[in-house]
Amino acid sequence: MSTRVLLLCAWSGPATVIVATIGFLIAGVLPFPLGPNSSVTEVVGFYSDSTRVAAGLVIAGLGVCLVFPLIALIGVYLVRMEGRTPILAFVQLITGAATGVVLLVPLLLMTAISFRPDRSPELTMTLNDISWLLFITPIGPFMIQNIAIGTAILRDQRGLLPRWVGYVNYWVAFLFVPDVLAFFFHSGPFAWRGIFVFWLAFVAYAAFLVVMGFTLRRAILDESKLDASEAVAV
Amino acid sequence: MTLDISADADLPEFLGGAPADSQRVRRPERAAGERRTPGEPGLWVFILGDMSMFGAFFVVLLWQRRAAPAQFAVSAQELLRPIGLVNTAVLLLSSYLVVSALWAQRSGGMRRATLSLVGALACGLGFGVLKVVEYLHVLGNGRAAPATDTFYTFYFVMTGVHLLHVLIGVVLLVAWMGVLRKGRAVTRFVEGSAVYWHMVDLLWVVIFTLLYLVCAA
């Protein structure tokens, strides 16, 4: 029964948030991440407990990958919305795959930093900068994905997903905009650890995953109920 | 031999499968005289959500200003207040023109609607030009260091994100003119674009007040 598989994919949205958050908490990325103005001692100290940090980051990395089934499910719905020429569905699949990768690679890099905590502190500092800037700034695929989803939902005449979900996607795309500022600031609200960069992006992406997961779940359940009642009517 | 795949309901529509059942429409029925939301209810999730992002900008700006109000005042006085004032007037005028275009379109005055929209577009573009002039002025006098001066950090981030909103608004107005050219009645998209434009205007009024007036005081 494919409804069960579809539901599993829908749940993988909220699951991404939960598993990644648990991993981040174990690694110590949450609740207070390293910032661009963290001292060398702080940065080296963060990676010094290498087993715990690596374990947490591995969990977070696996959690982030749970986004892929959700992206596939969104793709299935976009294909149905668009009919003969599902171009936005393809845009969503391509950019969605890229978002997963650009989230995963920096986490792997951070895990690799924890592999040799006794290396020269300067190298650790540089690698830490690279992983955080890679983690925060590549907003292009995210924004294109959100705009593709939002446009497909709003152009859909049949209302497979509620229209407000389309607008939420546009909003989330806007919330990613300040992330590029991470390149320009070393402290304050627009630095990579700042409220308008890390925290806004974290909340926006979590909201996207939860909203998409639950509204798709609702749509799947409604439809399977409809199928069941049609079967009875026949 | 002809390949008959039209009956294969399991294939996606774009691979030749049967179209999904068009009976499954979940469009809300609206009784006559019922109170209606401008645009549509879902649009307001975006409008209020987006305004809350700016709201967070405002709160953090004021919070940071508490630490060094004198320094903020010195920085803020470098801004060209006349340009800010003219830009406020320009956006308020554009909002009026958008309303008048909407009303004209509703009553079938397509020519008047087009003229109003052209005026609103000109206002939007004029706003952008004045903004760039001000950016050049602020950067040119060498006083403003966006990365170190907190006031200018907020100035460039807030006005920059707002300018992005203005540009998107301009694109929406152009698309609206496309609707007009086809002689269509007011659509959900048209109303939504008008609401969006008013949001952009409203946000600017607050940004102008905070950056040009409150911080300079």
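Those protein sequence lines, which keep their order, are chains E and U. Sequential numbering from 1 applies to the first sequence in the working numbering. Sequential numbering from 1001 applies to the second sequence in the working numbering. Quick reminder that beta carbons are idealized off the backbone N, C-alpha and C, glycines included.
Cβ neighbour criterion (16 or more within 10 Å) applied to residue i
i: phenylalanine 32 of chain E; result: exposed
i: isoleucine 87 of chain E; result: exposed
i: leucine 1136 of chain U; result: exposed
i: glutamate 230 of chain E; result: exposed
i: valine 5 of chain E; result: exposed
i: glycine 1178 of chain U; result: exposed
i: alanine 1175 of chain U; result: exposed
i: lysine 225 of chain E; result: exposed
i: asparagine 1141 of chain U; result: exposed
i: valine 232 of chain E; result: exposed
i: phenylalanine 184 of chain E; result: exposed
i: valine 197 of chain E; result: buried
i: arginine 1027 of chain U; result: Confidence at arginine 1027 of chain U is low in this model, with a pLDDT of 45, below 50, so its placement is unreliable and no value can be given for it.
i: valine 43 of chain E; result: buried
Identity of the residue in the options nearest residue i by Cα
i: glutamine 92 of chain E; options: E:Gly45, E:Leu104, E:Pro141; result: E:Pro141
i: tyrosine 1212 of chain U; options: U:Val1190, U:Gly1128, U:Glu1134; result: U:Glu1134
i: valine 165 of chain E; options: U:Leu1043, U:Arg1035, U:Pro1038, U:Thr1037; result: U:Leu1043
i: proline 117 of chain E; options: E:Gly45, E:Gly150, E:Leu154, E:Glu82; result: E:Gly45
i: valine 102 of chain E; options: E:Val76, E:Ser120, E:Gly61; result: E:Gly61
i: lysine 1182 of chain U; options: U:Met1110, U:Val1171, U:Phe1072; result: U:Met1110
i: tryptophan 192 of chain E; options: E:Asn169, E:Asn128, E:Leu154, E:Ile149; result: E:Asn128
i: phenylalanine 1156 of chain U; options: U:Phe1057, U:Thr1037, U:Val1045, U:Gly1049; result: U:Phe1057
i: leucine 1091 of chain U; options: U:His1165, U:Gln1071, U:Val1214; result: U:His1165
i: phenylalanine 1046 of chain U; options: E:Ile139, E:Asn146, E:His186, E:Ser2; result: E:Asn146
i: serine 1095 of chain U; options: U:Leu1180, U:Val1074, U:Ala1120; result: U:Ala1120
Distance between beta carbons of residue j and residue i, contact taken as under 8 Å
i: arginine 217 of chain E; j: tryptophan 11 of chain E; result: 7 Å
i: cysteine 1123 of chain U; j: leucine 1139 of chain U; result: That pair is no contact at about 25 Å.
i: leucine 160 of chain E; j: arginine 80 of chain E; result: 6 Å
i: glutamate 1040 of chain U; j: arginine 158 of chain E; result: That belief does not hold up - the Cβ atoms of glutamate 1040 of chain U and arginine 158 of chain E are roughly 16 Å apart, past 8 Å.
i: alanine 1113 of chain U; j: alanine 1101 of chain U; result: 5 Å
i: threonine 16 of chain E; j: leucine 70 of chain E; result: 7 Å
i: valine 203 of chain E; j: isoleucine 139 of chain E; result: With a Cβ gap of about 15 Å, valine 203 of chain E and isoleucine 139 of chain E do not count as contacting.
i: alanine 54 of chain E; j: threonine 124 of chain E; result: Not a contact, Cβ separation roughly 14 Å.
Residue j beta carbon less than 9 Å from that of residue i
i: methionine 1158 of chain U; j: isoleucine 1083 of chain U; result: no
i: valine 172 of chain E; j: alanine 207 of chain E; result: yes
i: alanine 182 of chain E; j: threonine 126 of chain E; result: no
i: threonine 1150 of chain U; j: glutamine 1064 of chain U; result: yes
i: leucine 1060 of chain U; j: phenylalanine 1154 of chain U; result: It should be pointed out that residue 1060 of chain U corresponds to valine in this sequence rather than to leucine. Yes, the pair counts as a contact, with Cβ atoms nearer than the cut-off.
i: leucine 1202 of chain U; j: methionine 1051 of chain U; result: yes
i: glycine 63 of chain E; j: glycine 100 of chain E; result: no
i: glycine 96 of chain E; j: phenylalanine 68 of chain E; result: yes
i: valine 210 of chain E; j: proline 36 of chain E; result: no
i: valine 19 of chain E; j: isoleucine 59 of chain E; result: yes
i: tryptophan 1204 of chain U; j: asparagine 1087 of chain U; result: yes
i: methionine 1053 of chain U; j: leucine 200 of chain E; result: yes
i: valine 29 of chain E; j: glutamate 122 of chain E; result: no
i: valine 1170 of chain U; j: leucine 1125 of chain U; result: yes
i: leucine 1173 of chain U; j: leucine 1115 of chain U; result: no
i: glycine 56 of chain E; j: isoleucine 94 of chain E; result: no
i: leucine 104 of chain E; j: cysteine 65 of chain E; result: yes
i: glycine 188 of chain E; j: asparagine 169 of chain E; result: no
i: valine 1099 of chain U; j: alanine 1217 of chain U; result: no
i: alanine 152 of chain E; j: glutamate 82 of chain E; result: yes
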